[in-house]
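Here is the structure we will look at, set down as C-alpha cells.
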Amino acid sequence: MRHVQFIILSLVTLLNLISFGCKKSPADSSAVETPTEQAVLPVDTPAFGFVLYDGLSTEAAAPIHLKLRQQAPRILSDFKVAQADTYRVYLWGSTDSYLDAQQQLIGTRYPGSTGYVLGPSAMGLLNVSTAANNAVHEYVHSLSLRINGNFGNNPRWCWEAVALYESGGFVDPRNVQYLLDGQYPSLNELNLDFNAGSQKIYQVGYLLVEFIKTRWGFASVIELIKQNGNVQSVFGKTNAEFEAVWKQFVEAKYFLR
Numbered sequence: 005m006r007h008v009q010f011i012i013l014s015l016v017t018l019l020n021l022i023s024f025g026c027k028k029s030p031a032d033s034s035a036v037e038t039p040t041e042q043a044v045l046p047v048d049t050p051a052f053g054f055v056l057y058d059g060l061s062t063e064a065a066a067p068i069h070l071k072l073r074q075q076a077p078r079i080l081s082d083f084k085v086a087q088a089d090t091y092r093v094y095l096w097g098s099t100d101s102y103l104d105a106q107q108q109l110i111g112t113r114y115p116g117s118t119g120y121v122l123g124p125s126a127m128g129l130l131n132v133s134t135a136a137n138n139a140v141h142e143y144v145h146s147l148s149l150r151i152n153g154n155f156g157n158n159p160r161w162c163w164e165a166v167a168l169y170e171s172g173g174f175v176d177p178r179n180v181q182y183l184l185d186g187q188y189p190s191l192n193e194l195n196l197d198f199n200a201g202s203q204k205i206y207q208v209g210y211l212l213v214e215f216i217k218t219r220w221g222f223a224s225v226i227e228l229i230k231q232n233g234n235v236q237s238v239f240g241k242t243n244a245e246f247e248a249v250w251k252q253f254v255e256a257k258y259f260l261r
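If you count the sequence shown from 1, you need to add 4 to reach the numbering used here.
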C-alpha cells in the first residue's frame, strides 16, 4: 500500500502490536509499509498513535483522535483497566485497501465492515463519516480483551453488546420492526457470523447491556466478559430464561405493554 504516514500523538515509545486472531502485525506485514514519524504533538493520557494510508492527511485523524481522548478515561474507569503505552489506530481511506489489509491481518474479509480490533492495543479503521464513533466501538473491544484475552467474538452477542453499550450505540427499539412485532432474537441468532448477514446484534446489543446493568449492575457486565457470556454462570438463568426477562424489560421501558 502506498501513501502511509505515521503520527505519534504522545512522547512515549510505541508498543509492539499485539494482534488478535491475525497472522501478521502491520509492522511486519509485507502488505503494509513501515511507517515513519511525521510529527510529534502534545502528550496525551492515554496516548494514541495513527498510521495513515491511501494519501490521508493528518486532518482525517483529528476528529477520531479527539473522540478517543474524550471517551477513553470513562471507558478505562468503567472497565477498571489501564491502557499501556500507545494505542495504535491504522486508518485507511480506500475500502479496497482496507479489506485487503483485513484479509492480510486477520485472514478474512468482512465487506460492509468499517473497523476491526487488532488486540488490546490496536485497531484497523476505514475513514468513513462515522469513523470517530466507530473508533470508540473498536477501542471498547480492545479494552475488553484486557479483562479477558479470550473474549473476542466469544460469544459474538456479548462481545458486540458490550462495545455497543460503552460506545453509545443505542438504536431505539420503537424503530425496529421485528421488535415492534414482538419477535425478539435469541442469543444463538445474535451469535451468527457477520458474513452470514447477521446484523441484528447491532440493533439490540445496547439494549442487552442496558438490561443487565439495570437489573444486576455494571459489575455483572464485567463478570459476563470474564465468563465469556455465560448467563447461566453469572445470572443463574438459562439462555431462554434470560431472553424472556430481557424482553420483559424492553417491553416495559420502551413499549409500555
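Note that CB positions come from ideal geometry on N, CA and C, so glycine has one too.
All of these numbers come straight from a predicted model, not from anything done at the bench.
If distances are taken between C-alpha atoms only, which option among the options comes closest to residue i?
{"i": "lysine 204", "options": "Tyr114, Gln187, Trp220", "result": "Gln187"}
{"i": "alanine 256", "options": "Arg178, Thr242, Glu63", "result": "Arg178"}
{"i": "serine 1", "options": "Gln207, Leu60, Tyr182, Phe215", "result": "The structure shown has nothing for residue 1, since the chain only spans 5 to 261."}
{"i": "aspartate 197", "options": "Gly156, Glu63, Asn243, Lys84", "result": "Gly156"}
{"i": "aspartate 100", "options": "Leu184, Trp161, Ile151, Gly116", "result": "Gly116"}
{"i": "glutamine 87", "options": "Tyr94, Lys230, Ile151, Trp96", "result": "Ile151"}
{"i": "isoleucine 226", "options": "Glu170, Ala51, Lys251", "result": "Glu170"}
{"i": "leucine 194", "options": "Ile229, Asn243, Val238", "result": "Asn243"}
{"i": "aspartate 58", "options": "Val235, Trp96, Ala167", "result": "Trp96"}
{"i": "tyrosine 94", "options": "Phe259, Ile229, Ile68", "result": "Ile68"}
With a threshold of 16 other CB atoms inside 10 Å of the CB of residue i, please say whether the residue is buried or exposed.
{"i": "alanine 248", "result": "exposed"}
{"i": "arginine 219", "result": "exposed"}
{"i": "proline 124", "result": "buried"}
{"i": "glycine 172", "result": "exposed"}
{"i": "threonine 90", "result": "buried"}
{"i": "glutamate 41", "result": "Confidence at glutamate 41 is low in this model, with a pLDDT of 37, below 50, so the placement of that residue is unreliable and no value is reported for it."}
{"i": "lysine 27", "result": "Annotation note: pLDDT 30 at lysine 27 (below 50); position unreliable, no value reported."}
{"i": "glycine 240", "result": "exposed"}
{"i": "alanine 200", "result": "exposed"}
{"i": "glycine 233", "result": "buried"}
To the nearest whole angstrom, what separates the beta carbons of residue i and residue j, a pair I think is in contact under 8 Å?
{"i": "glycine 128", "j": "glutamine 107", "result": "Not a contact, Cβ separation roughly 11 Å."}
{"i": "phenylalanine 83", "j": "leucine 147", "result": "5 Å"}
{"i": "arginine 73", "j": "alanine 126", "result": "The Cβ separation is near 17 Å, so there is no contact."}
{"i": "glutamate 164", "j": "tyrosine 206", "result": "7 Å"}
{"i": "valine 144", "j": "valine 166", "result": "7 Å"}
Can you check whether the CB of residue j is closer than 8 Å to the CB of residue i?
{"i": "valine 175", "j": "lysine 71", "result": "no"}
{"i": "phenylalanine 253", "j": "phenylalanine 215", "result": "yes"}
{"i": "tryptophan 161", "j": "leucine 184", "result": "no"}
{"i": "glycine 119", "j": "leucine 130", "result": "yes"}
{"i": "leucine 56", "j": "alanine 64", "result": "yes"}
{"i": "valine 224", "j": "valine 238", "result": "Residue identity differs from the one stated: residue 224 is serine in this sequence, not valine. Cβ atoms of serine 224 and valine 238: closer than 8 Å."}
task = Would you check if there are 3 or more beta carbon pairs closer than 8 Å linking the region 134-142 to the region 210-218?
result = no
ask   = Is it a yes or a no for the region 107-117 touching the region 76-85, going by three-plus beta-carbon pairs under 8 Å?
value = no
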